[in-house]
Structures are given as structure tokens and as C-alpha cells.
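The next block holds one structure in the form of C-alpha cells; read it before the comments.
Residue numbers (the working numbering), protein chains in the order written: chain A, 50 to 346; chain B, 57 to 819.
So this is what it looks like as C-alpha cells:
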């Protein structure tokens, strides 16, 4: 009887799995460029070689690409490859950088080429002005009972249409290596697309939390927006700063979709995320940022 | 409301002028059980005077003649002829007797001949139809039978989610005795919540919606429970491989009051108990309970009280030295209805219904170790409705059949609540985190429709449905015109066309689309407007060979707007309000053609259905803003359903289904990018959304019934084989990494060939 029941359960409830021949679209490896252009500051890029999804290879970082920066139609810089001295995802990491100052309001194009691959390019317009951050205050609560800091500031919108802002709370010194200090706000007009940090206490309210907040022009009432943040700072207050960036819509869409793709991490019930791109091969992106950074008082 | 009703009556009262009509009206019931019969035809041969019984078996007929012969016809029952002298209005209640000739045939109950009715895109299934389809694991299933109809597609292998004309499952209004059922699935959709033994009739409307229906975009599945035998006590039941059920019915007061109770429970948990380790208690079961009582106060008043309750429960308790871990997942519906039929006079019939419906999903856990505190977590979502509805049927003259009414529903939505109980730093913590705010809303509509026989050939059903929906600081309303027209080419062949505009104020957020219990019912809000659809359909239907055969074909075009979907990457437990996780303002389009040939009489009955369909969606925030195929955009769908009665002792059923594979999105490449933090990240490039297709789906099911009369009643052995040729149909595909790192596409199928046996008895 026992065998009968087990046999039945096995027969009726087992999942049957088999390998099938399915013609997944095969895409030849391509150059993938992601470049960040900072107004009046540097340019940084990563060049990767894509791999087909059935391939055993991992996508690597290229050090052999030629990456050119154009201002309008004029080539203004060739980006220099730098060995980051790190292994990322099993591959040696290389950056491409340029110290060329991208000018607000101008159009820049990144063109990349490498032997054996099709050339790629993409363009972006640098935001015309940095965000105006005012009235920044940071008040520590009682460190023994509630070790959080209440931060307030305002962002002044410059009045042009379709502005997007990125808000970050950064602590530590290394821009690339700071770990994700999140923040929490009751301002529902701030959108978060990535996970919250362990530093954020979420039990005490119905607000929003995350590592980076995004704010759209349409959320401004008038021209000024007051932001309230509570955060459990992992550093001394003086080692932390509020970083607000004016970003383009393409930048916003790219960062939004990458953040969602990373945080959803192929969850069993999550729909696949298509990452926005403004590059010619629809992979990677050229993004533009005009940053205002203010240390906490 | 009173003014509205009086206004309608005054307006249509003028229609009665200058005519010497007499009214014949009454109830038609099954002589053996006293059950009212739905869709019986009553007509005067050779004229256009005719009527059909409504859901409560009531009909009314206005005839401007002094002497008539009435024919009362219902497939499966002996027809009757009544000669009447119409010098005054006549009350004529009729009892029909099951046809003795039909005992040798498997018959299908047909309502008003398809070719005669204005209603198109609608199909009626009796419980006989449903029980003639092969069972799955010994369980016949209403929704799986519905999936065999043209224009209806299943959500996936073995599931009870269904998709009508390119719509999503939440666009189907499923009514059980007039009460909405929000989750019609047991065991992740492999069984529906409807116990076939407690059901009398099922009607699916896919388009050409009469004005009395509203609140959903794509279909109305109207399921009527049995009322209970008014004459004598009866029971029936079955013992199957995974579930057993028992139904008992009979009179409380003969010919006045009857009851029916029906229960069903699975026993996988009980069977698996002996095989579990001592420290583990784990299992799963589902169960249903249906009950209904009805009482005839007088010829003019009748009351029905019905209830449905169902529950699915997974549980697991792992006990170890010094503590335990416990987890539980459960979901279920409760519905209740009180219906009062009142006959004001022979021309005006009313039904007043008060309803209650609730669907709740819980997932929770509890753990305790020797030194640690007791910790409990629970997440739940819920929708709860209280409602009332009034429906009137008024037949002032024989050419006009007018229906009007109103409905009000109070919804409470709790789309996601997380509760934590535990201890932190020695202090007890009990937190409730409303991930999404509770929403209360008022949902109401009024409607009027007229089924107007213009002349021998033209008949039209025109109506208006006005609905409104209010919640805090928000008001939505919608005027929805509906019209269906029929042109009769001859007695058996007609052309039809319809237009229907529909509005839906509540939505289902689904990650899977197959009716998982985690799907969230949510309200329209100030950020999420209601969805709308407009559908036109044209078609023709023909009955021939003494109505033995019926052929119909329809083409439709439907547009939808203000649809919502989870944003890419979003999931049901997101840590934030659901409104922040949805893509809004979606547009949808569906079009196609459906063909049905159906044999209603004879030893062999059944149908062949074919659907050719396209459906797509467009959201600004999905698929880079480009139009993409809907997940269940299946180009071809074929179903063949055959029942054959060899003798009184043996019959069999066969179904074969074929469908184009469902659409899916696949990874095609991987690459590295700079993420928002300027750190490199590996990401995946996918095909365009739903750009690829699973392998096609097909299978054949067989069922054999062996009947025998016994001293105490009748018993039947049912032997069924699901997926008889063991087709490995795809449930999902994934990329598997081999030892050398290369990938291969793997297909997971759920059900191989599954034989089952059940023992069915009735007394």
C-alpha cells in the first residue's frame, strides 16, 4: 500500500524536466559602453564585451577599445584606459577616463571601436545648471535612544521643463567605494528604485526608503522642494554630504532600470527588466550629471 | 431610485397603448426535483411570440390573440403543448418531465436557439456538459470546461486561470449565485473552487454584454447553484484519488422549502502523514462547502439563501530539540447571498440580492528556540465586499422585454499588511506595517435594457449602463452604451452584431498571470484610473437538422485602456505601496475570429472550437514604450470535445486541445555596465518583451464512465486519463548551466500521463 501511494504521488505530482532544442536568438558579442559625463568635471567609462546567454564565457572588461569624446562634431578627447587593479565578477576591471570638462548645455558623443567588433556610439546633452541646494540642516537625535540624524534641505528648480534630480547621502571619502548609506523620507514624491540599507529603520512609519532617491520636475510645487531625510549615519556627521545631481531623462531611465534589474535579481515572480539605452546598439548608456555636493553642517 | 424606477415605468408604459394583449406567465420547473429550469423556450409556433425562462425559471409572454397553442420546449425534457383561450391574463406554471427517449442519449442543454437570440458571444453549459468532459485526477471542473470554448484560453498547464478575447483573468467577472468570486483557484490553479455537484448551470458571456452586466472588461461567468430538491431527499458523492465530496439535498417542507449542502476535501495531507519523519508535520489540503436554502412563500415571493466557503492551506512545522519553526500559507473565499424574488404582477418580476464576498491570502511563520523569544511574522492581503442589487424584468408588450436595475457594493481593500511580533532588547515588539493603505470604496451602477423584436427578422437589444465609483477624494463615473442586433435570414440562420463599452474599477496585480493566491486585488485610486474597453463583434449562427447541429462564427475587435501591470522587476512583497510598483495607462488591443460547431443531440454530442486571435499591450514604462504581445497572445487554439453514450451502462468523453505556445521573454546576452553608484555591474539583455514562444501545447484526455443501478441508487466508476499520449507540455523554460559553463535550455513540464479513478454514487 505504501509503495502504491508513493508511486501514485510520484507519478502524479512530479515535475518533468527535459533539455529541449530551442532556438534562442543568438547575438554576436558586441562592444558595450557605459559612460558618465560630469559637467565641468571628468568623464568615466567602462567598455564591456557582451556574451551570448548560452556561452560559458563571462562578460569581461575591455582594455583595447578606442573611446573618443566629441563635443558637437569635434573630437575633444580620447579616453585613457586605467587598470583599476581589481577583479570584478571574476574579470579584471578597466576604466576609461578623461579630464575634459564637459560644458553645460552642449551635446557630447562617445564613439567606441575595437578590432573585431562593430563601432558603437551615443549622445547626451549636459544639463544646463546644477541643482541649487539651500537651507541644509542636520540635527542628531539622542544618540543613546535614537541614534538617527534628521536632515533637511531645499532644492530649487531652475524652471526649465523635464528636469530630473538624483539625491544621495554619501559618507566616506572614496566616491567609488563608499558603501550604500540609504535614507528614509516621508516625501512620497521621491522615487527609489533600489534596496534599502541596513542603516535605515523602517518600522516607525509609512515612508519611502532606499539608497538613492529620484525626483522629477513635475513634483515641484512652485520652484522649491523641501526634502526631509532621517538616516542612521555610519560616520561622523561631518564626513557625510548631500549630493544632488541634475540628470537627463535618459540618465534617469537608464539608472532606474539598472537599479531595478539589480535589485530584482531574477526573482522568481519578477518580470525581466529591459534596461534603457541611448547607445546605437541598444546596450549601455551615455549619461550626464551636473552635481551639487554639500557637506552636512 | 424610486424616481428612476417610476420614470422607466412611465416611459415604457406608453408602449402598451392600443393593444389587446393578454399575458401568460409562470414558473417552469423540473417535475422530479422541483428545481427551476433556466432557458426553457415557450412560444407560439408560426409567430414571433415567444419567451425564455430567466435564472429563476420565470417567464412572461404577451400575446394579442384569443386562442393559441403554446409549445414549451427544453432539450432533455419532453416538450409540452398547451391550448389556451386568452380572455384574460393567465398564470401558467409548468412542470417538465425528463424525456424518456433522452435516457439513451447524452444530451446538451440548449437555451434559446442561438440563431434566434440577440445575445451573441455567449454560451450556456449545463452540468451535464461539464460532467461529460474527462476528469483531471478524478475531479470534473467547471472552469477547465470553459477553457475548451472558442475565445477562451487557459493560463497554463492544468490551471484554472482563463483569458477571454485577449483580456486578463481579472477582467472576468465570476459570479456564484450573483456574488463575485475573487479567486476561483485551488492548489495554485490546478482546480477551481466550484464543486460541480452543487452547480446547476453555467453561462459565459464574452462580448455583446447586455446592460445588466458591468464591472469587468472581458467576460461574465455566471454560475448558478442548485436550489435543492423540493420533492424528496437525494444524495450524491464521489471518492477520488485526491478528493472526495458529498452532496445532500431535499425538502424541508415539501414543495415549499428545500436545501442543498455539499462539501469537498482533498486528503493528500492525510495520505502523506505516515511517510513523514516524526519531527515534521507538513501537508496541504483544500476544501469547499456549499449550502443553499430556498423557500417559496407564495407564488409571488420566494427567498434563497446561499453560502460558499473554501480554503487552501499549506502548513509545515519542524520541531527540533529546543525549539520549532512553523510556516503556513492559506487562502480562501467566502461568499454569501440572500435573494428575494417578487412577482409584482404578471408583467413585472424582480429580484433583490444582498451579497457578501471576501478573499484573503495569508502567509506567516512562527519560530521559538529555548533561549530565544517567540517570533511571529504574517503578511496578508484581503478584499471584502458588501453589496445589494435590484433587478427588474418588465414585459409591457410582447415585442419589448425590458430589464432595469441598480447595484451598490462597498469594497474594502487591504492589498498588503505585514505584522511582526517578537522581542527586541528584552522588550516586546508588536508592529503592523501597512505596506499599502487600506482603501474603502463605493461601487454602484444603474442600467436599463430593452430586447425589442422589431419585426419577423429584426430584433435588437439596446441598453445603457451607468456606473460610478467613489473613494476618498476621488470620483469616477462612466456611461456605457450596449447594443446587440440580430437579423434572421430564415428560421434557423441569423446574422448578429454587437457593441459594448465596459468599465472596470478594480484590478488584479499579478506576477504570474496564472491565478496564484499572491495576486493582489486593488482599487482604482487617484493615481490609478479605471480601465475601459470597447468591443465590437459580428457573427452568424445557424441551427439545423432539427436543432441537432449548431454552427456559429464570430469576429471581434476590442480595445482596452488604463490597464496596469507590475513594473519590470516588481514583485508582490515589495516593501512599498503597490501603486509605486505598477506601470500605468497601458493600452491593449485584441482581435480575432472564433468558430464553433456543436452537436446537441444523439448518442454522440460535443463540439469543435477554433480561435484565431491576436492581442497586445503598450505601456510607456514597459518594453521601452513599444507595443508587445500579451503573454497569452496565442494565434491558434483548437478544442475538440466529444461525448458518446454506448449504452445506459457506459459512456465516454474525449477532449483534445491544441494551442500556440505562450509568449515569453528570454535572456540573450550578458554584459557589464556602470551602475548608478559608478560601480560595475553585470546585467542581462533580454529579447523584446514576450518576443518568443513556448513550444505549442496539446494533449488528449479520455474518460470512461461505467454506470450501474443498485438497490440504493446508482453508482458510477469513472476512469480518466489526463494527457493520454504523455505530451511534455512546457510549463516554463530556463537556462541551465552545465559543468563546462555553457548553457542549455531546459523545459519543465508539470503533468505527464495521469490516470485516475473515482467512484461516484447517488441515492
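Each residue gets a CB set at the ideal place from its N, CA and C atoms; glycine is no exception.
Model, not experiment: these values are computed from the prediction.
Own chain, CB closer than 6 Å to residue i, minus 5 neighbours either side, in chain order
i              : result
residue 788(B) : 804
residue 115(B) : 98, 107, 109
residue 164(B) : Since pLDDT at residue 164(B) reaches only 40, below the 50 mark, its modelled position is unreliable, and the value read off the structure follows with that caveat. Excluding sequence neighbours, residue 164(B) sits near 185, 656, 661.
residue 278(A) : 200, 232, 234
residue 341(A) : 179, 180, 182, 293
residue 125(A) : 118, 149
residue 552(B) : 176, 542, 595
residue 217(A) : 261, 292
residue 361(B) : 349, 394
residue 363(B) : 347, 392
For residue i: DSSP bridge partner residues
i              : result
residue 397(B) : 358(B), 407(B)
residue 838(B) : Residue 838(B) is absent from the model: chain B starts at 57 and stops at 819.
residue 591(B) : 556(B), 614(B)
residue 252(B) : Bridge partners of residue 252(B): none, in fact.
residue 504(B) : 460(B), 520(B)
residue 536(B) : 521(B)
residue 175(B) : Residue 175(B) pairs with nothing; no bridge assigned.
residue 764(B) : 771(B)
8 Å Cβ cutoff met for residue i and residue j
i              : j              : result
residue 181(B) : residue 130(B) : no
residue 266(B) : residue 538(B) : yes
residue 118(A) : residue 92(A)  : yes
residue 231(B) : residue 279(B) : yes
residue 101(B) : residue 650(B) : no
residue 281(B) : residue 90(B)  : no
residue 753(B) : residue 717(B) : yes
residue 96(B)  : residue 132(B) : no
residue 646(B) : residue 663(B) : no
residue 469(B) : residue 387(B) : no
residue 220(B) : residue 201(B) : no
residue 18(A)  : residue 175(A) : Residue 18(A) is absent from the structure shown; chain A starts at 50 and stops at 346.
residue 336(A) : residue 173(A) : yes
residue 102(A) : residue 163(A) : no
Burial state of residue i, where buried means 16 or more other Cβ atoms lie within 10 Å
i              : result
residue 692(B) : exposed
residue 642(B) : buried
residue 285(A) : exposed
residue 162(B) : For residue 162(B), the predicted structure reports a pLDDT of 38, less than 50, and the residue's modelled location is therefore unreliable. A value from the coordinates is still provided. It is buried - the Cβ of residue 162(B) has at least 16 other Cβ atoms within 10 Å.
residue 376(B) : exposed
residue 460(B) : buried
residue 350(B) : buried
residue 306(A) : buried
residue 334(B) : exposed
residue 448(B) : buried
residue 794(B) : exposed
residue 349(A) : Outside the displayed range of chain A (50 to 346) lies residue 349(A), so it cannot be described from this structure.
Amino acids of chain A, ordered along the chain, whose beta-carbon sits closer than 8 Å to that of residue i
i              : result
residue 798(B) : 103, 104, 105
residue 743(B) : 74
Close Cβ partners of residue i (< 7 Å) along its chain, the five nearest in sequence each way excluded
i              : result
residue 332(A) : 79, 81, 99, 326
Per-residue contacts from residue i into chain A (C-beta, under 7 Å)
i              : result
residue 722(B) : 73
residue 420(B) : Residues of chain A passing the Cβ test: none, with the nearest at roughly 18 Å.
residue 227(B) : None at all; the shortest Cβ gap to chain A is about 19 Å.
Residues that residue i contacts on chain A, provided the C-beta gap is smaller than 9 Å
i              : result
residue 791(B) : 73, 102, 103
residue 715(B) : Going along chain A, no residue has its Cβ under 9 Å from residue 715(B), so there is no contact; the nearest lies around 17 Å.
Under 8 Å by beta carbon: chain B residues contacting residue i
i              : result
residue 276(A) : Near residue 276(A) there are no residues of chain B at all, since even the closest Cβ is about 18 Å away, more than 8 Å.
residue 68(A)  : 792, 800, 801, 802, 803
residue 333(A) : 727, 729
Close beta carbons around residue i, own chain, < 8 Å, minus the five adjacent residues each side
i              : result
residue 764(B) : 705, 770, 771, 772
residue 56(B)  : The question about residue 56(B) has no answer, for chain B in this structure spans 57 to 819.
residue 324(B) : 298, 339, 340, 341
residue 166(A) : 78, 79, 80, 98
Within chain B, partners of residue i - CB distance below 9 Å
i              : result
residue 267(A) : Chain B residues near residue 267(A): none, gap ~13 Å exceeds 9 Å.
residue 110(A) : 728, 736
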